[in-house]
Amino acid sequence: MGRCTSRYMSLPYNPALKERAKALRKAGNLAEVLLWNRLKKKQFLGLDFDRQKIIGNYIVDFYCAEKCTVIEVDGSSHDNKFEYDAQRDAFLTGLGLTVIHISDSDVKNHMEEIIIFLQNHPSLNSPPVEGRAVKFFSKC
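Under numbering that gives the first Met the number 0, the first residue of the sequence shown carries the number 0, and numbering increases by one thereafter.
(1) Kindly indicate if chain B contains any beta-carbon less than 8 Å away from that of Val59.
(2) Specify, as a first and last residue, the run of the beta strand (DSSP E) that Asp47 falls within.
(3) Suppose you measure from the CA of Glu18 to the CA of Gly27; what does that come to, to the nearest Å?
(4) Which first and last residues belong to the alpha helix (DSSP H) in which Ser102 is found?
(5) Sorted by chain position, which residues of the same chain lie with C-beta nearer than 6 Å to Pro49's C-beta, five sequence neighbours on each side aside?
(6) Using the beta-carbon count (16 or more within 10 Å), is Ser122 buried or exposed?
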């Protein structure tokens, strides 16, 4: 199944963020690049992901329209930004999206566990569910 165009195109979009999203795709931090290498080209569960997708006034790390799911890799840039992250999550879940947070260090150090977690995540292996935000924490 391809990209669900109606879901994809119905999301709010701030065109002023287009250049910033492009720059983020080019720069890419290590954890995002590592995870992207596992998600791109429909190699993860046959799902189509976008990287650095603009949704409203936010740029999310990864977005799967078919599953209405956002994956965020949280590194040091998210330190002390709890309020901002909570507002962003509330906005995204208000659109009916599920937001999955994964730590930068877990992507770098526990990639296979992250992939298993994502493969088993209800929002990615079943029909889309109403929006919610969840976090992955390794046992380490």
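All C-beta atoms, glycine included, are put in the ideal place defined by N, C-alpha and C.
From the atom records:
(1) Chain labels in this structure do not include chain B; a single protein chain is all it has.
(2) Looking at the DSSP string, Asp47 is not in any beta strand (DSSP E), and its letter there is neither H nor E.
(3) 14 Å
(4) Note, Ser102: premise wrong, no alpha helix (DSSP H); beta strand (DSSP E) at Thr97 to Ser102.
(5) In the sequence as displayed, the identity of residue 49 is Asp instead of Pro. Hits under 6 Å: Tyr62.
(6) buried
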